[in-house]
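Here's the structure we're looking at; comments come further down.
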């Protein structure tokens, strides 16, 4: 019997022996699997070496220690594979290759079949096959290399039962030996490399032909090895070499798909607190880096299943189910965000069961941002490939699943666009596979940021509000009853809220994420700026175009497709950074130039952004870029503003056009076409003041504003909206006035909110002499247009605002004072917990209202204060003078008179109540207008509030707040003039009814007829009415000052009656004086 036949007989127990063809030595070089399909690429050793080549290479090995070349190769293979054909424990082995291992598996059958007891590449396949098919290899472990000591670890290593683990260890031993021999023994090094590749080949054999090893599961063994390699990166070095050996798609699927499925089975174990989770992530990361393997993810539960035909119109899987039931969702759902401690409502809880967690969307957004990194450079040509029509494609989940349908974000076509056609039709396009990866990734990332970062920011802000209120309620409860059970529950609830707040803040302020998000939004502005410049040619953008202002008024066609939420989210993000991570804004560097360009193009242009609310938010975002050095928080260093300042200083187009854009927006807020609260518009304008103030401090920006004023200020009073945006002073005042005539039914507070922010703008403009002059020039227009002048209407409404706000704020403060007194007198223990909570909620609401009105009231009075320094004529005209005099008298009396004690709450700062500032500003208004004789007369004529000691009481307060002596002297001078005019005032008897105004029942000095109703009124009274309401007070028909018809005959009669009765009064007064002297 030949040696080959003996080998076959020795391996007769292996049922797969028939797979091998006859060969000079039994080799796995060309095995066949059942069915006759060749798998040579998977099963053959990577190195096919003929016996002649082997003999030649062995002869080239340099001998050492008297060992033969064949013996050296045997020792190398024995060290690597821990197998031997000779049970000889006394031989040390060749030192050139490191000697022999302490333990090896003795291959009895192979030793009997082989003509030699030495391992070589001629018999290594047969030897390895016996080793891999051995059921209990540890039973065949023998001592080698003269090892004397007991070594359990060496025995375990040599007798490893898991064949994949054994082969991987062989790979590592071969790699280690190859590293050592590469320089010292290059001839032997080649054989170590061949042994390493041989180990890789047999791992593939275990995966592709698992039936050859019936008691082994190669996939589970490899997966277990990968999952047990914590802090050991060697296994992935093996995997890196392993995947290079297989490129055939079928082989790749047979090897790696079962591994991915094993990972999917572990999804229930995904948890950040479990170390094993990071092993799962490492494996997924490795898979994702191999493009030909990563495709297999789509064949597992990586993505949700396709919807069933009967549910084509319904989502196949909810957000929560996607997170919990898919492999992708499982990994994206890994988060350490704390849960919300507040108990949700039943409806909220129901919706929560269908929605993915916050961490899921935050992680998804971060992943999408990383995919966008190749085109985050603002000048990347890839940005020009973004097709805005992507957002207008109407797709459903059912259509997406159809063949040849490109991937598409569902629901974007239903989002509100930046521009809506005049017919309010929805622009849509058909699905097309031509959008490309950049477009898909760009818009999907925006959508993910909206659902993730944006929503979590809103939750964070809401949580902060709840915590603030909870802290206040707890403190109040603790002050009343100490450590009561209610206080304890509130404290526990507050502490849980703090945990969630810190958790959310940590995730939202992840430095790498927010910097990447800022880069993404800057790239977005770069793209959308080019869209505006391209006009209708947005599909032909091939290179970046320099911005050249002004742009055409025509709406760029691409903006008909772009959703509003893209700009909305960007503005929210910049505002978020300003409050919580201002230093991140500086990291943008030169990218801030693109942001500033964006604000120049879009902020003041309704042709590009129709929604004025969105443009108002853009102004708030612009405020965040203003390089104002703010006071650092305790323990923090000041935030540098270098790059932001540089952006404003070096942006040539911004210097020319940013002021106009800002003023245009200020005006446009008035023409929203929506029903909004007055405070809402005022809140929008509030942020513009900071921007205007900064722009005014820079000469180039200031000059742009002055140029607007000097060129158009006489034509802006009643200009159309398109022209109003170019001229700040008159446009600003026109907007202020036009809020009264919106055509909608709005609360007074709603309109006031719109005007609030205009005050800051006005104050900033007033600080610059050139711009102040343009406002003063409007007074000449007042003389031409009389009571229909825009400046006069503005002043009248400004006084209306001041009266309303101060009256409301003082009333709220009086209510708070009363409630504080009641709280101090009443024992809290007598109230139930429910009653205390109800009282606390009512008090909290009252406090909020008081704070709001105090802030707005102070701002309005301060505006009157600085305007009256030089703008006097509108305030002392007949239709305004008496109103402002009465207003000043009334509120000064409230603040310094006997009733001032009703306003003394425990803590003024808690409610932003500044009575000293109010008194100071009111006194300044008295002084500014005190040069007018008409004003002084009206102050004294106010019988309701004026008292001779009013200014004496004001002087006492002025001394307390430290106003200089010059102010005290000036207010005393005003008091003297008022008293003089009061003593000179003529007394008239009750006038005839025909001479009285039908509304106010006062003597008409200048009677006019109302053509719309035929009624006769005093011109001063009807003019004052028309300043705020251009309608006939008797029938509500449209009426203006220019339509009034003078009644000259009646006026002559009244003047004659006044002269006659005035003479009588003087005579009577003189007679009384003479009698007094005689007595």
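Numbering (my numbering), first residue to last: -5 to 1073. Cβ atoms here follow ideal geometry from the backbone N, Cα and C, with glycine treated the same way.
- Residue 892 counts as exposed, since fewer than 16 other beta carbons sit within 10 angstroms of its beta carbon.
- Going by beta carbons, residue 1031 and residue 1001 fall outside the 7 Å limit.
- Comparing alpha-carbon positions, the option among 534, 331, 122 lying closest to residue 207 turns out to be 122.
- Check the Cα spacing between residue 801 and each of 912, 403, 948: the tightest is with 912.
- Boundaries around residue 1010 are those of the beta strand (DSSP E), 1010 to 1012, since no alpha helix (DSSP H) includes it.
- Taking a 10 Å sphere around the C-beta of residue 381, we find 16 or more other C-beta atoms and assign the residue as buried.
- Listed in chain order, the non-local C-beta contacts of residue 875 below 6 Å within the same chain comprise 928, 929, 932, local neighbours out to five positions each way being set aside.
- Exposed is the label assigned to residue 959, since fewer than 16 other Cβ atoms lie within 10 Å of its Cβ.
- Taken atom to atom, the span from the alpha-carbon of residue 1010 to that of residue 1049 is near 16 Å.
- Residue 573 sits exposed, since fewer than 16 C-beta atoms from the chains shown fall within 10 Å of its C-beta.
- Under the DSSP assignment, residue 137 falls in the beta strand (DSSP E) whose first and last residues are 135 to 137.
- Non-local beta-carbon contacts of residue 941 in its own chain, meaning distances under 6 Å to residues more than five positions away in sequence, are absent.
- Across the set 605, 831, 278, the C-alpha of 278 shows the shortest separation from the C-alpha of residue 258.
- Note on residue 486: under 16 other CB atoms within 10 angstroms of its CB, so exposed under the neighbour-count rule.
- By the Cβ criterion, the segment 91 to 98 is not in contact with the segment 192 to 211, since fewer than three pairs of Cβ atoms, one from each stretch, lie closer than 8 Å.
- In this structure residue 287 is buried. Its beta-carbon is surrounded by 16 or more other beta-carbon atoms within 10 angstroms.
- Bridge partners of residue 78 according to DSSP: 100.
- Assignment of beta-bridge partners to residue 600 by DSSP yields no partner.
- If you draw a 10 Å sphere on the C-beta of residue 836, you find fewer than 16 other C-beta atoms in it, and that means exposed.
- By a beta-carbon distance limit of 8 Å, residue 409 contacts residue 559. Their separation comes to about 6 Å.
- Taking 8 Å as the upper bound for CB-CB distance, residue 873 and residue 1021 are in contact here, some 7 Å apart.
- Rounded to whole angstroms, the gap between the alpha carbons of residue 154 and residue 440 is 52 Å.
- Within the DSSP secondary-structure output, residue 1040 pairs in a beta bridge with 1002.
- Residue 411 sits in a strand when the DSSP states are folded into three classes.
- Within the same chain, 513, 514, 517 come within 7 Å of residue 370 by CB-CB distance, once the 5 residues on both sides are set aside.
- Rounded to whole angstroms, the gap between the alpha carbons of residue 519 and residue 509 is 15 Å.
- Within 10 angstroms of the beta-carbon of residue 1026 lie 16 or more other beta-carbons, which makes it buried.
- Distance between residue 861 and residue 769, taken at the CA atoms: about 10 Å.
- In the structure shown, the three-state DSSP call for residue 620 is coil.
- In this structure, DSSP gives residue 1025 an extended state, which the three-state scheme calls strand.
- Less than 7 Å separates the beta-carbon of residue 908 from that of residue 852.
- Residues 541, 588, 591, 592, 595 of the same chain have their beta carbon placed closer than 8 Å to that of residue 523, with the five preceding and five following residues left out of the count.
- Cβ contact annotation for residue 898 (same chain, cutoff 7 Å, sequence separation greater than five): 811, in chain order.
- Burial state of residue 1056 is exposed, judged by a 10 Å Cβ sphere holding fewer than 16 other Cβ atoms.
- Judged by DSSP secondary structure, residue 564 falls within the alpha helix (DSSP H) whose first and last residues are 558 to 574.
- For residue 610, the closest of 626, 566, 622 by C-alpha to C-alpha distance is 566.
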